[in-house]
Amino acid sequence: MMCKVSRRAFRFLVVFSELFPFVSALVLSKVPALIPIDHSKLVFESSEYLINIVVVINFLLGGVVSIGLFMFKKWSQPAAIITTCIGLCVYCFYSYFADTGFKVAGDQLSALMAGALISLAYFSSVAEEFR
141 MMCKVSRRAF RFLVVFSELF PFVSALVLSK VPALIPIDHS KLVFESSEYL
191 INIVVVINFL LGGVVSIGLF MFKKWSQPAA IITTCIGLCV YCFYSYFADT
241 GFKVAGDQLS ALMAGALISL AYFSSVAEEF R
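Here it is, written out as structure tokens:
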């Protein structure tokens, strides 16, 4: 059974999933009470810089994939899965860090939207648009 989703609703979800992390970061920057500690006191290990480079590259690729999903390009379906898997693998190599509850909630919502986009791209009425 296929879920019926309009092209417009799918595109809205693509745009919202890309804009949400920026809105979340903007709220954190404007409301300092949501940040419980001074992040400048945290020290990064040198190995984390390499991981951060991979994260930035994956972030940029994710932007390209989002554009592909928005335009219903066939290559964007498997690319969305690949960039999500890379992100999950890299996330495992981070050492400890401090986050606010607001940031964690935002990350969870962002991950939920990414999963929804991938599943809708394959298993809804918009899946035919990628052919």
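For the sequence shown, my numbering puts the final residue at 271, and the numbers step up evenly by one.
No residue lacks a Cβ here, since even glycine has one placed at the ideal position from N, Cα and C.
Can you give the Cα-Cα distance for F160 and M253, rounded to whole angstroms?
10 Å
Going by DSSP, what residues sit across from S206 in a beta bridge?
In the DSSP output, where bridge partners are listed per residue, S206 has none listed.
Determine the DSSP secondary structure at S146, reduced to helix, strand or coil.
coil
Over the uninterrupted alpha helix (DSSP H) stretch that includes V171, give me the two end residues.
That residue, V171, is in no alpha helix (DSSP H); it is neither H nor E in DSSP.
Would you check if there are 3 or more beta carbon pairs closer than 8 Å linking the region 239-249 to the region 220-227?
no
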